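Chemist: I'd like to ask you about the structure that follows.
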Amino acid sequence: MSTNMGAVLISCDFNNSSTPFCHFRQDSEDNSDWTRHRGPTPSQGTGPDGDYPDGRCFSECDFDTMGDLCGWTMETDSSIFGWEQWTGSTDMEGTGPDDDFSKPGCTSTCIASGDPHYTTFDRRRYNFMGNCSYLMAEACNTSLSPPFSVYADNEHRFNRLSITYIKAVHVHTLGVVVSVLKGGTVQVNWTTVNLPVTPAQGVSVFKSGKHYTVAADFGVTVRYDGNHYMDIKVTSDYKNTLCGLCGDYNGNPKDDFRTPSGQLVTNANDFGHSWNFDPK
């Protein structure tokens, strides 16, 4: 399995433990391989979420729709591998696009996935197993309007105290709180609602594919799959203005571990615990 960079998915059952992840072509510089996702995939027809052999992840890819190919590629500055969106036709029917079609350079995305692994807006990757509520991203010390805050609640699962997973995501903006709970229950100001819904002007909440999405027209989109994966996408308007577990989005991953007091720390646990807040 060593060819030029590329990836092809053909029909297979991701939830069948006797079936590997079908036929992927790998980067010629990559000697790692797919391992089966630990547990069921979020929905029928989706591939792995980034459960790579080294236990870390980059992002996930959705194969449900024909379109641009999601490629398995190697980061030039890292030993971590991940999906990225490609342009052009897919190799065969059954392959499909990444969920994000934003113009490169205009947005940045922070990811929390698995048990859990984080990638900041500046693409710093780290693991943090906190079992509380944490501020993921907020516009800090800025006059940008309207303000927003995104929190994530973590929990232990499978009777394992050494790992945590996301059990809820809360988006605070324009006087409302939109919460997406594990399993897909959506609440506005702590009252369960049906989707789609517009809880405030310019804020839409809907389900797209496997993701429950909170999209604000001022440049913030938050998604959660109701299980273990969330991401926050912001426009470049928010460069140098953010804080939280997703970092400051200033283009420098080396200074992402900054606490609420402004102190720069080196340990992921010290950084993570410093952003423990009750979103209520």
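Counting from 1, one number per residue, gives the positions in the sequence shown under UniProt numbering.
Note that beta-carbon positions come from the ideal geometry of N, C-alpha and C, so glycine has one too.
Note that this is a predicted model, so its numbers are computed, not measured.
1. Quick check: the stretch 255–272 against the stretch 146–160, are there 3 or more CB pairs under 8 angstroms?
2. Can you name the start and end residues of the alpha helix (DSSP H) that H273 belongs to?
3. Judging by CA-CA distance, which residue of T142, T213, W275 is the nearest neighbour of D231?
4. State the Cα-Cα distance for the pair Y224 and S143, rounded to the nearest angstrom.
5. Compute the distance between the beta-carbons of Y134 and N269, then report whether it is under 8 angstroms.
6. Return the chain-ordered list of same chain residues with a C-beta closer than 7 angstroms to the C-beta of S204, the five sequence neighbours on each side being excluded.
7. Just how far apart, CA to CA, sit H117 and G272?
8. M129: which of S179, N227, C110, D115 sits nearest, CA to CA?
9. Can you have a look at T173 and say buried or exposed, based on whether 16 or more other CB atoms are within 10 angstroms of its CB?
10. Helix or strand or just coil, what does DSSP make of F218?
11. Within the continuous beta strand (DSSP E) that includes V265, where are the two ends?
12. Please give me, in chain order, every unbroken run of the alpha helix (DSSP H) with length at least 4 that falls completely inside the stretch 98–178.
Modeler: The answer reads as follows:
1. no
2. 268–274
3. T213
4. 28 angstroms
5. no
6. P196, T198, A215
7. 12 angstroms
8. D115
9. buried
10. coil
11. Counting along the chain, V265 falls outside any beta strand (DSSP E), and DSSP gives it neither H nor E.
12. none
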